Each structure stands twice: as structure tokens, then as C-alpha cells.
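Undergrad:
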Amino acid sequence: MKKYITIIIAGLTFSALRGQETTPEDALRYAVENLTGSARFRGMSGAFGAVGGDLSAINQNPASSIFFANNFATFTGSSYNTKNTSRYFGTTRNKNDNSFDLNQAGVVFVFKDNNPKNDWKKITVALNYENNNNFDNNIYSAGINPNNSIDRYFLRFANGLPQEGGITLQTLENAFFEDLNFIDQQAFLGYQAYMFNPVSNTSQNSSYVTNVPTNGNYFQDNFTVSTGYDSKFSANFATAYKDKLFLGVNLNYHFTDILKTTSVFESYGANNILTSGLQSVQFDTETHTFGNGFSFNLGAIVKATESLRLGIAYQSTTWFRLQDKQRQAINANCENCGTNNPINFNPGVTMIYQPYTIQTPGKWTGSAAYIFGKKGLLSLDVSSKDYSNTRFRPQNDYSGLNSFMSNALQNAIEVRLGGEYEYKEFSFRAGYRFDESPYKVDQTFGDLTGYSGGLGYTFGDSRIDIAYSYEHRNFSYTFLSSGLTDPARVSRYNNNVTVSYSMNF
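Mind the numbering: the sequence shown is residues 0 to 504 in numbering that gives the first Met the number 0, read in order.
1) Round the Cβ separation of isoleucine 581 and alanine 186 to the nearest angstrom and send it over; I've been treating them as touching at under 8 Å.
2) Can you round the beta-carbon distance between arginine 39 and glycine 375 to whole angstroms, since I take them to be within the 8 Å contact cut?
3) Under a three-way DSSP split, which group does asparagine 494 fall into?
4) By DSSP, does alanine 68 sit in helix, in strand, or in coil?
5) Look at serine 475 and arginine 488 and say whether their C-beta atoms are less than 8 Å apart.
6) Measuring alpha carbon to alpha carbon, tell me which of Phe433, Asn339, Glu305, Asn204 ends up nearest glycine 372.
7) Tell me the residue span of the alpha helix (DSSP H) that contains tyrosine 29.
8) What span of residues does the beta strand (DSSP E) with threonine 170 cover, start to end?
9) Just to confirm before moving on: does the CB-CB distance between leucine 188 and alanine 62 stay below 8 Å?
10) Using a 10 Å radius around the Cβ and a threshold of 16 neighbouring Cβ atoms, would you call asparagine 69 buried or exposed?
11) When DSSP builds the beta bridges, which residues end up paired with serine 63?
12) Determine, using beta carbons only, whether serine 468 comes closer than 8 Å to chain D.
13) Is the number of C-beta pairs between the region 305 to 314 and the region 359 to 369 that are closer than 8 Å three or more?
14) Using beta-carbon positions only, say whether alanine 328 and asparagine 345 come within less than 8 Å of one another.
15) If you reduce the DSSP assignment to three classes, tell me which class alanine 38 lands in.
16) Around the Cβ of alanine 303, are there at least 16 other Cβ atoms within 10 angstroms (buried) or fewer (exposed)?
17) Lysine 324 to threonine 389, Cα distance in whole Å?
18) How many whole angstroms separate the CB atoms of proline 437 and leucine 408, which I take to be in contact at a CB cut-off of 8 Å?
19) Between which two residues does the beta strand (DSSP E) carrying glutamine 322 extend?
20) Please return the same chain residues whose Cβ sits closer than 6 Å to the Cβ of tyrosine 500, not counting the five positions on each side in sequence.
21) Distance, Cα to Cα, phenylalanine 66 vs glycine 51?
22) Using 10 angstroms around the beta-carbon of isoleucine 7, count the other beta-carbons present and answer buried if the total reaches 16, otherwise exposed.
23) Could you tell me which of Pro393, Gly142, Ala466 sits nearest to arginine 86, measuring between CA atoms?
24) With a Cβ-Cβ cutoff of 8 Å, do alanine 46 and aspartate 380 count as a contact?
25) Quick one: what's got a C-beta closer than 6 Å to asparagine 503's C-beta in the same chain, skipping five residues either side?
26) According to the neighbour-count rule (16 or more other Cβ atoms, all chains shown, within 10 Å of its Cβ), is valine 263 buried or exposed?
27) Going by the CB atoms, is the gap between serine 77 and aspartate 96 shorter than 8 Å?
28) Is it the case that the region 133 to 148 contacts the region 234 to 250, given that we only count it when at least three CB pairs across the two stretches are under 8 Å?
29) Once you ignore the five residues that flank threonine 209 on each side, which residues in its own chain have a CB closer than 6 Å to its CB?
30) Nearest CA to the CA of leucine 297: which residue from Gly347, Ala234, Gly159?
31) Less than 8 Å between the beta carbons of asparagine 131 and glutamate 32, yes or no?
32) Under three-state DSSP, which class holds asparagine 58?
33) Which same chain residues end up closer than 8 Å to leucine 11 when comparing Cβ atoms and leaving out the 5 residues on each side of it in sequence?
34) Is it the case that the Cβ atoms of glycine 215 and proline 145 are separated by a distance below 8 Å?
35) What's the C-alpha gap between valine 102 and alanine 466?
36) Could you spell out where the beta strand (DSSP E) holding glutamine 219 opens and where it closes?
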């Protein structure tokens with residue numbers, strides 16, 4: 000584990016030299032999939048790799064669209080509820096977030112050939128939009144840290160990194176924020192808030208010591224608010240050979256837009272009232288990430304018997320081209336530190352960083368489904384995804400971070416199990432999902448367990464479906480990417496309700 004920590008610090012250093020700090024979680028938010036899609040799909044926990052006949056199923060196996068008998072369209076809306084329970088040094092805090100999203104819309108066109116001499120008797124073309132991830136989320140953590148202060152973050156940059164020396168006192172006193180690189184900007188913010196003092200008052204001094212009280216017991220809290228999405232538009236093509244072999248392909252265009260705001264607060268004097276010196280500090284960062292990407296899917300389904308279907312599918316790497324914009328500010332209360340108190344330093348500058356690429360790992364899925372005539376079905380999907388292949392590009396700028404991910408991440412297994420029972424016009428559905436952690440040591444980001452249920456009613460040429468899904472995952476959350484890295488332990492609970500309307504035409 001110590002080796003991993005050393006590598007990640009090196010990786011953060013490289014990325015900080017070209018822009019803001021970057022962590023594995025910046026890539027995993029795109030690489031780790033959520034259960035999304037239509038209500039029927041979600042009601043069975045997405046176990047549709049060999050079932051087909053649902054527009055969201057083409058994401059699991061693109062051959063799925065061939066099982067539509069007629070032209071078909073589906074429109075879906077979802078209500079999202081996320082509860083985060085955070086524990087930080089013995090203190091527990093809860094935060095809820097609720098949102099609504101029109102998360103899926105798609106249509107499939109069915110073309111049949113009745114020529115008895117043609118073995119390729121059917122072609123389907125589908126267009127489908129889905130919101131892969133809804134990033135609306137709030138996390139609040141608070142507690143008393145007995146040892147570590149936020150000063151470690153600012154001193155790390157002020158005193159220098161392995162690839163770059165510390166910032167000089169002359170630069171801190173005379174520079175403009177927008178003219179500095181990211182490393183020196185962080186030091187500059189800390190200096191403006193009196194987080195540290197120079198060892199000497201010479202202009203070329205580049206060594207600093209903390210100005211934070213050293214008695215420990217620092218009250219700290221963190222409030223993180225995220226909004227945004229990661230969406231995908233798919234063009235699907237599928238065909239059938241002798242009603243035994245079904246083949247499909249997807250071409251996917253991804254687009255994403257995320258706004259994340261973090262506010263870290265620290266105050267001193269938990270055991271005594273301070274009358275001078277640094278009393279408290281608040282450090283705010285707003286990061287806007289946006290861009291687009293491309294991927295493709297290949298899939299095949301074989302009808303082994305009239306009741307048994309077997310499927311295999313490959314989901315390619317997604318190549319995301321992203322860019323970040325960032326704003327930062329710092330506030331402090333420091334009696335007798337300067338002429339102005341409280342201190343409110345907001346550069347009023349939006350930093351626009353160089354574009355970069357994230358490559359998420361590909362995924363293989365094997366599926367089996369048993370169809371009980373018109374009574375119902377059981378379906379199982381097992382997927383394998385090697386997260387150690389996750390990469391940031393350009394490679395030279397992120398070599399340390401990529402090396403860390405190669406060593407710390409693993410090949411993870413996902414299992415989806417679902418069933419459906421039909422009675423007259425009604426359909427009853429249930430599902431189970433297990434998604435293994437992408438980390439070899441899952442304390443950082445744990446396994447996910449989920450359950451779902453659903454109900455459908457057919458009106459003849461149209462249908463309405465409703466589903467409820469529950470998911471739970473534990474993970475560690477640090478207030479800052481470096482320096483102050485004591486983690487809060489967060490339990491996340493997702494409760495989602497999805498409604499779909501579908502129709503033949």
C-alpha cells in the first residue's frame with residue numbers, strides 16, 4: 000500500500016504540472032457503470048444480454064434489437080434519490096439529494112424479408128438516447144481531526160514537489176494569480192490566507208512553516224455538491240440468420256457536462272478560545288468538466304433451443320476528450336495577521352486547462368436466458384471489465400497516475416440476475432445486481448449490491464412499466480486530493496423510481 004501511495008503522489012505531481020490535480024476517481028466516474036435505462040430493463044436489474052426486445056437492452060448486447068416484432072418506441076423518466084451517510088473521526092452526517100430526469104428515449108425500425116430463399120430474413124435499425132450517469136449528488140462530512148490540518152495541502156505546494164522547487168517569497172508577494180501554474184497557485188492561495196510563514200524574509204526564500212496552531216483537534220468539514228450527466232446516443236444495427244443466430248453492432252456518441260463544487264472549512268481552538276492568530280479557514284473550488292467521446296459495441300445471440308438463448312457481447316473502450324475549467328477562492332479569520340480581517344481572497348479568474356483524454360476499459364459480457372413460453376423468463380448476465388487498463392492521455396503527462404492505476408485497479412466481475420412473470424395483461428419483474436470494486440483493496444471504493452422490482456401493463460399496442468431499484472456502496476472520500484487525505488467513510492444508498500411508456504407503430 001505504501002508503494003501505491005508513493006506512485007499516486009508522483010502521478011498527481013505530473014498532472015499538476017500541466018493543470019489541476021487529477022485522481023483515479025476522475026476516470027472511474029466514467030468507467031464504472033450505473034444501472035440506467037427503461038423501466039422494464041431496470042426492473043430486471045439489466046439482465047437482458049440474451050433476452051432482447053427492449054431498447055435499453057441494446058447497451059448490454061446490440062443483437063437485442065432483432066427480437067422486436069414491429070416498429071417500437073420507448074420514452075422513460077426517472078426519479079433519483081441519493082442518501083450519503085458520512086463518518087469522519089467518529090462524527091456522522093447525512094445528506095440527501097433528489098432529482099428527476101428524462102433519461103431514455105429510443106425507437107427501433109423492423110425490416111422483414113419474406114423471400115423463402117433468403118436466410119437473412121430480418122434487419123433492425125434503432126436509435127436510442129440514454130443518460131448513463133446522473134451526477135447530481137451531495138456529500139457532507141464533519142468531525143474533529145486530532146492531528147492533521149489543511150495546512151499540509153498548501154505547504155506541499157509552497158515547499159515544492161519532486162519535479163519542481165518551492166515558490167519564492169518574492170513571487171508570492173508580487174505575482175498575479177492567473178500568471179502562475181497550478182502548483183504555485185495553490186501556494187499563493189495558502190499564503191493569502193496566512194496558512195504558512197516563510198523561514199526567512201529574503202526575497203529568494205522558498206521554505207515555509209505552518210502558521211496553524213499545533214495543538215491539534217482541528218474541526219473540519221467538507222461540503223461537496225455535484226451536478227451534471229454522462230449521456231450516450233447510440234445507432235444500432237442488427238440482423239438474424241435462419242432465426243438461429245442474431246448479430247448486432249452499436250456506434251455510440253458520448254457527451255458529458257459536470258459541475259463540482261467543494262468547500263473545505265477548518266477552525267481552531269476546539270479546546271480553548273484563541274484571541275490572536277489564525278482562527279479558521281475556508282477553501283472553495285469549483286470545477287467544470289465537459290467534453291465528448293466515442294465507443295462501439297458488438298454482440299451475438301444464439302437460440303440454442305426454442306427456450307434457451309445464449310449471448311456474448313463486447314463493449315469497447317470509450318475514448319473521452321475532456322476539458323476542465325476551474326475557479327478557486329479562500330477565506331480566513333486571522334486576528335493580528337494583517338490590516339484586513341476577515342480575509343476574503345477571490346482571484347475572480349477562471350482557469351481553462353489543456354484538453355486531455357480518458358480511456359475507459361472495455362467489457363465482455365456472457366449471457367443466458369430461459370424463456371418459459373408466454374409465461375415468463377429467467378436471465379443471467381456475467382460481465383468482466385479490467386479497470387487496470389484505464390488511462391489518461393497524453394501518456395507522458397500522466398505516467399505516474401497511469402502506473403498507479405495499473406497496479407491498484409483490477410479485473411472486476413459484474414453479475415446481473417433477473418426474472419419476469421406474465422399474467423394476462425400484467426408483467427411482474429425482479430432483479431439482483433452485484434458489481435465488484437475496481438480496486439484490488441476495496442476500502443477506497445467498495446463492491447455494489449443492488450435489488451430491483453417492477454410492474455408492467457399492456458394495453459395492446461402500447462405498454463406502461465414502472466420499476467424501483469435500490470443500490471448500496473461504501474467508499475472513502477478525502478477532503479482534498481493531497482495533503483489533507485484523512486478519509487471520511489461514506490455509505491451511499493440510491494433509491495430510484497422509473498416509469499416508461501412504450502408503443503408499437
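Virtual Cβ for every residue (Gly too), placed ideally from N, Cα, C.
This one's a predicted model, so the numbers in the text were calculated from it and none came from an experiment.
TA: The answer reads as follows:
1) Since the displayed the chain opens at 0 and closes at 504, residue 581 lies outside it and no answer follows.
2) For this step, residue 39 is matched to residue 40 along the sequence shown. For this step, residue 375 is matched to residue 376 along the sequence shown. About 13 Å; that fails the 8 Å criterion.
3) In the sequence shown, the residue the question calls residue 494 occupies position 495. The answer is strand: DSSP assigns asparagine 494 an E or B state.
4) Residue 68 sits at position 69 when you count from the first residue of the sequence shown. Coil at alanine 68, not helix or strand.
5) By 1-based counting over the sequence shown, the position of residue 475 is 476. By 1-based counting over the sequence shown, the position of residue 488 is 489. Yes, the Cβ-Cβ distance between serine 475 and arginine 488 is below 8 Å.
6) Numbered from its first residue, the sequence shown carries residue 372 at position 373. Closest by alpha carbon: Glu305.
7) Your numbering for residue 29 matches position 30 in the sequence shown. Taken as a continuous stretch (DSSP letters only), the alpha helix (DSSP H) holding tyrosine 29 covers 23 to 30.
8) Against the sequence shown, residue 170 aligns to sequence position 171. Taken as a continuous stretch (DSSP letters only), threonine 170 belongs to no beta strand (DSSP E), being part of the alpha helix (DSSP H) at 168 to 173.
9) As a position in the sequence shown, residue 188 is number 189, starting the count at 1. As a position in the sequence shown, residue 62 is number 63, starting the count at 1. Between leucine 188 and alanine 62, the C-beta gap is not smaller than 8 Å, which leaves the two residues out of contact.
10) For this step, residue 69 is matched to residue 70 along the sequence shown. The residue in question, asparagine 69, is exposed, as its Cβ has fewer than 16 Cβ neighbours within 10 Å.
11) For the purposes of this step, residue 63 is taken as residue 64 along the sequence shown, with counting starting at 1. In the DSSP assignment, no residue is bridged to serine 63.
12) The chain inventory of the structure shown lacks chain D, comprising one protein chain alone.
13) yes
14) Here residue 328 corresponds to residue number 329 of the sequence shown, with the count starting at 1. Here residue 345 corresponds to residue number 346 of the sequence shown, with the count starting at 1. Taking 8 Å as the cut-off, the beta carbon of alanine 328 is found closer than this to the beta carbon of asparagine 345.
15) Taking the first residue of the sequence shown as position 1, residue 38 is located at position 39. Assignment of alanine 38 by DSSP, reduced to helix, strand and coil, places it in the helix class.
16) What you label residue 303 is simply residue 304 of the sequence shown in a count that begins at 1. The residue is exposed, with fewer than 16 neighbouring Cβ atoms inside 10 Å.
17) Translated into positions along the sequence shown, residue 324 becomes position 325. Translated into positions along the sequence shown, residue 389 becomes position 390. Straight across, the Cα-Cα distance linking lysine 324 with threonine 389 is about 23 Å.
18) Mapped onto the sequence shown, residue 437 falls at position 438. Mapped onto the sequence shown, residue 408 falls at position 409. Between leucine 408 and proline 437 the Cβ distance is about 5 Å, and since that is below 8 Å, they are a contact.
19) The sequence position of residue 322 within the sequence shown is 323, counting from 1. 318 to 334 is the extent of the beta strand (DSSP E) around glutamine 322.
20) Numbered from 1 along the sequence shown, position 501 holds the residue referred to as residue 500. Only Phe74, Ile463 meet the Cβ criterion.
21) In the sequence shown, residue 66 corresponds to position 67, counting from 1. In the sequence shown, residue 51 corresponds to position 52, counting from 1. So the alpha carbons of these two residues sit roughly 6 Å apart.
22) For the purposes of this step, residue 7 is taken as the residue at position 8 of the sequence shown. Its pLDDT being 44, under 50, isoleucine 7 is placed unreliably by the model, and the measurement read from it follows with that caveat. Its Cβ being crowded by 16 or more others within 10 Å, isoleucine 7 is buried.
23) For the purposes of this step, residue 86 is taken as the residue at position 87 of the sequence shown. Looking at the Cα atoms, Gly142 is the closest of the given residues.
24) Within the sequence shown, numbered from 1, the residue matching residue 46 stands at position 47. Within the sequence shown, numbered from 1, the residue matching residue 380 stands at position 381. In contact: alanine 46 and aspartate 380 (Cβ atoms closer than 8 Å).
25) As a working note, residue 503 is residue 504 in the sequence shown. Closer than 6 Å at Cβ, skipping near neighbours: Asn69, Phe71, Asp460.
26) Start at 1 with the first residue of the sequence shown, and residue 263 comes out as number 264. Buried.
27) One-based indexing of the sequence shown puts residue 96 at position 97. One-based indexing of the sequence shown puts residue 77 at position 78. Cβ atoms of aspartate 96 and serine 77: not closer than 8 Å.
28) Judged by Cβ distances under 8 Å, the region 234 to 250 makes no contact with the region 133 to 148, as fewer than three pairs qualify.
29) Looking up residue 209 in the sequence shown gives position 210. Taken in chain order, the residues that qualify are Asp150, Phe195.
30) Here residue 297 corresponds to residue number 298 of the sequence shown, with the count starting at 1. Nearest option by C-alpha distance: Ala234.
31) Locating residue 131 in the sequence shown gives position 132, where the first residue counts as 1. Locating residue 32 in the sequence shown gives position 33, where the first residue counts as 1. Yes, these two residues count as a Cβ contact at 8 Å.
32) Residue 58 sits at position 59 when you count from the first residue of the sequence shown. In this structure, asparagine 58 counts as helix in the three-state DSSP scheme.
33) Taking the first residue of the sequence shown as position 1, residue 11 is located at position 12. Reliability fails at leucine 11, whose pLDDT of 47 lies under 50, so the model's placement of it is uncertain and no value is given.
34) As a working mapping, residue 215 is identified with position 216 in the sequence shown. As a working mapping, residue 145 is identified with position 146 in the sequence shown. Cβ atoms of glycine 215 and proline 145: closer than 8 Å.
35) Here residue 102 refers to the residue found at position 103 of the sequence shown. Here residue 466 refers to the residue found at position 467 of the sequence shown. Position check: residue 102 holds asparagine in this sequence, whereas valine was assumed. In a straight line, the C-alpha of asparagine 102 is about 14 Å away from that of alanine 466.
36) Along the sequence shown, one-based indexing puts residue 219 at 220. Taken as a continuous stretch (DSSP letters only), the beta strand (DSSP E) holding glutamine 219 covers 217 to 240.
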